[in-house]
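Everything on this sheet refers to the single structure shown next.
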Amino acid sequence: MAGSAFKQFIVIFGGENIFIDRDLYKYRRSPTRSVLSLDGESLTEDRFLEYCEMTSDQPRTIVLDNAQALGTGKSASKLKGIQEFIENRDPNDWSLIVVVAYRGDRLPELWAKAATKGARYEREKIAWWDSDKRVDFVIREAESHKVRIERKVAEKLALFTGVDLYQIANEVRKLALLVGPLGTIKEEHIKQVTTMTPFATQFQVAEAVLERDSSCFRKFSTLCTLHDETTACILTCSALMNKVDAAVQTLSLQGQGLAQDSIAELLGMKPYKYKLWANTVKKHNLQALVKHMGQLCKLNSYVKLGNSKRTRIELFMLSVIQSGSSTLCTSQS
Amino acid sequence: MLADVKYQNEAVKILNHLVQGTWTDPLLLLGPPGVGKRFSVMQALQEMLCQGTRDDKCQCAPCYQLARGLHADVSTLSVSLDKTGINEVRELVKEADSYPSDAPFRCFIIDGVDYLNDKAGDALLKTLEEPPAYARFILLAEDRSRVLPTIASRCGVVRYGLVPDEFILSVVQRYVPDLSKALVYTRMGEGSIGLAFSYGMAGKLTLRNQVLKTMQASANKDFYTAFRLIDAMEDDITTAITFIQQALHDVLIVALDPMKLVNVDVPQTIKDIGEKTSSQSWQECAHKFNRLQGTVRKVKSRELVVDLGFMAKTILAETFV
Chain Z
358 MAGSAFKQFI VIFGGENIFI DRDLYKYRRS PTRSVLSLDG ESLTEDRFLE YCEMTSDQPR
418 TIVLDNAQAL GTGKSASKLK GIQEFIENRD PNDWSLIVVV AYRGDRLPEL WAKAATKGAR
478 YEREKIAWWD SDKRVDFVIR EAESHKVRIE RKVAEKLALF TGVDLYQIAN EVRKLALLVG
538 PLGTIKEEHI KQVTTMTPFA TQFQVAEAVL ERDSSCFRKF STLCTLHDET TACILTCSAL
598 MNKVDAAVQT LSLQGQGLAQ DSIAELLGMK PYKYKLWANT VKKHNLQALV KHMGQLCKLN
658 SYVKLGNSKR TRIELFMLSV IQSGSSTLCT SQS
Chain L
11 MLADVKYQNE AVKILNHLVQ GTWTDPLLLL GPPGVGKRFS VMQALQEMLC QGTRDDKCQC
71 APCYQLARGL HADVSTLSVS LDKTGINEVR ELVKEADSYP SDAPFRCFII DGVDYLNDKA
131 GDALLKTLEE PPAYARFILL AEDRSRVLPT IASRCGVVRY GLVPDEFILS VVQRYVPDLS
191 KALVYTRMGE GSIGLAFSYG MAGKLTLRNQ VLKTMQASAN KDFYTAFRLI DAMEDDITTA
251 ITFIQQALHD VLIVALDPMK LVNVDVPQTI KDIGEKTSSQ SWQECAHKFN RLQGTVRKVK
311 SRELVVDLGF MAKTILAETF V
């Protein structure tokens, strides 16, 4: 949390809005000071300085949000006035604290200078791939609500709710209400109340497979975590069957020499969608697809009864990706 | 009465023992659908319980109740792919312990015992092994391989045969006067009066025509049309696969004996389809569909049913691609 209140300037910056908002919330609710909240998006430099130089018989706090937007647009200036204000402030003047929230990863010189006369807090954005930090966040959130959560369960929650910390915080709040004070959040609670946000649907997995895009494995993996393994495998198998079926139909129509628009109409697709689809289908030939249909038939019964069904699905995806081509497409999106 | 049961002499003989009280153990009646298993059981029960004129027009209380499924001492449990539950069997076992209210015994008919899941089957075993003296169990099944061996071993097994086409035709013609259509329905029934009758009543010739179109499209490598037609048949895909098998049978024998065709009303269409590819390809296709049908027959639970439409598409595509 932001540090001592007795600083002339408190500069908070970074890309993780939830932390910045929480800091600002704290300063706005100061019980001993008169607080003025400003927004950089609707403020000029002069106006800001006017507010700073106002006098009052009570100690004051000015909270400036969206400092990155101050002085942009029509009234753009180099903020020289603010620079002078920062430089000329009496070091013994505790009557005004200026809290600045700069929503950006790199702090400009002006506000960095201000931070030297007070405090500087970085609220770094948690990268989408950094699940450990998100899990830590879940655990901290749970602690703040006075409930317990095991790391394993926290991992699951973080995975289910995606990368938005606001959403994660809300889900933890809901779960805390569900289990009550000093309770423990368990996996079944997550299944009961959590709004799951999967990274991919089974259709996206199937599309990626036909695209020969190796990201299909990652997508399939998230699907397996979201559902139980059998359900994920059955869903994916059905989606693959649909896509391969549609691809065979498309190649059959193309083989009849029909115009693109007619094929799109017959398949019930918009022309632009068909263009994308045709590009995908182009990567396969009829014989190979029919062979995949045969494999899918076996897979279809296997996923309902057999063991290691997930591996079977992955092997099938690999066989589609590799059939007739030695290169893999990769996608990091 | 049992005398009304035609072409099932062996079954009638054993049911007569049941009527006379010389057979009290559980019975397992095995045979394809629609060959008269349930009908013969009802006739035997009528013969045992009737207090009136002992003919099919009798309106005595037991006959009236039996005909409407209202008899207090006759309980029927129908099991199918959608309903293989253990709860119903437990209820039935509990009921078996109570005394009959009106008749000299309580009769329990379980239709589709081959669909009972393992747990439900186990719940029934003890009662089947030592049934109360006043209880009669009659189990009906279509496929011997699906019946739990422990159940089959506790019953006297009665096999039902196929019914001759002449008899089926005479029955179907009462409802479908057009002879050629009636003949097609009869042959579609494949010895099952129940199936032939239900095909006739439901006008399944439309589905048959769709099946023939699908085969034509597949043979022309027009998989778009073929797959769309199969998708359209999704609701009745099991019957559609049976019709595909029958059409394949026709394609293979049309040159040898056109009079033996199932789809006897459209010999030219069958001939045209047959000429699209070699006889060997058709044989392979028929073989694959037979295997598919075999797999379907083994399935005892709806959850395990595979996507038959997709499998049919695959077989057709593999044959003609």
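Sequence order for the protein chains is Z and L.
The first sequence begins at 358 in my numbering and counts up one residue at a time.
The second sequence begins at 11 in my numbering and counts up one residue at a time.
Using N, Cα and C, we set each Cβ at its ideal position, and we do this for glycine too.
Flagged as an interface residue toward chain Z: L/T324, by a C-beta distance shorter than 8 Å. Interface residue (Cβ-Cβ distance to chain Z less than 8 Å): L/F177 is not classified as such. Judged by DSSP secondary structure, Z/S595 falls outside any beta strand (DSSP E) and instead within the alpha helix (DSSP H) spanning E586 to G612. For Z/L610, at least one C-beta of chain L is nearer than 8 Å to its own C-beta.
In this structure, Z/L395 places its C-beta atom within 8 Å of the C-beta atom of Z/F405. Assigned with DSSP and collapsed to three states, L/C68 falls in coil, not helix or strand. Residue contact with chain Z for L/V306: absent (no Cβ-Cβ distance below 8 Å to any residue of chain Z). L/Y125 is positioned such that its CB atom lies closer than 8 Å to that of L/V89. Unbroken alpha helix (DSSP H) stretches of 4 residues or longer found wholly inside the stretch 630-685 of chain Z: 643-662 and 666-679, given in chain order. Taking C-beta atoms as the reference points, Z/A589 and Z/L580 count as a pair closer than 8 Å.
Short of 6 Å from the beta carbon of L/A113, and not among the five residues preceding or following it, lie these beta carbons of its own chain, in chain order: L59 and D83. Against chain Z, the beta carbon of L/Y170 has no neighbour under 8 Å; the closest one sits roughly 30 Å away.
The residue from L/E101, L/I283 and L/I119 with its alpha-carbon nearest to that of L/S50 is L/I119. When L/V103, L/L37, L/F237 and L/D275 are compared, the shortest CA-CA separation from L/F147 is found for L/L37. Contacts between Z/N657 and chain L, judged by CB atoms closer than 9 Å, involve V316, D317, F320 and M321 in chain order.
In this model, L/G201 and L/P277 are separated by some 21 Å (Cα to Cα). Assigned with DSSP and collapsed to three states, Z/E479 falls in strand. Z/N657 sits buried, since 16 or more C-beta atoms from the chains shown fall within 10 Å of its C-beta. In the three-state reduction of the DSSP assignment, L/F118 falls in the strand class. Annotated three-state conformation of Z/R417 is strand, per DSSP.
In this structure, Z/R446 is the residue among Z/R446, Z/G461 and Z/V504 with its C-alpha nearest to the C-alpha of Z/I454. With a 10 Å radius around the Cβ and a threshold of 16 neighbouring Cβ atoms, Z/K513 comes out buried. Within the stretch 588-609 of chain Z, those residues whose Cβ lies closer than 7 Å to any Cβ of chain L are, in chain order, M598, D602, V605, Q606 and S609.
Residue pairing of L/R169 in beta bridges, as defined by DSSP: L/L40. L/G62 is positioned such that its CB atom lies no closer than 8 Å to that of L/Y170. Distance check between L/V261 and each of L/I240, L/T248 and L/T287 places L/T287 closest, using alpha-carbon atoms only. Assigned with DSSP and collapsed to three states, L/R146 falls in strand.
At least one C-beta of chain Z is nearer than 8 Å to the C-beta of L/Y234. For the pair Z/A476 and Z/K364, the CB atoms are nearer than the 8 Å cut-off. In this structure, the CA atom of L/A21 is about 19 Å from the CA atom of L/I161.
With 16 or more other Cβ atoms inside 10 Å of its own Cβ, L/D121 counts as buried. Within the stretch 156-224 of chain L, the complete beta strand (DSSP E) runs of at least 3 residues fall at 166-169. Exclusion of the five residues before and after Z/S680 leaves A645 as the residues of its chain whose Cβ lies within less than 6 Å of its Cβ. The beta carbon of L/K231 falls within 8 Å of a beta carbon belonging to chain Z, placing the residue at that interface. The straight-line gap separating the alpha-carbon atoms of Z/N423 and Z/E564 is approximately 41 Å. Boundaries for L/A54: no beta strand (DSSP E) harbours it, while the alpha helix (DSSP H) harbouring it runs K47 to L59, taken from the DSSP string.
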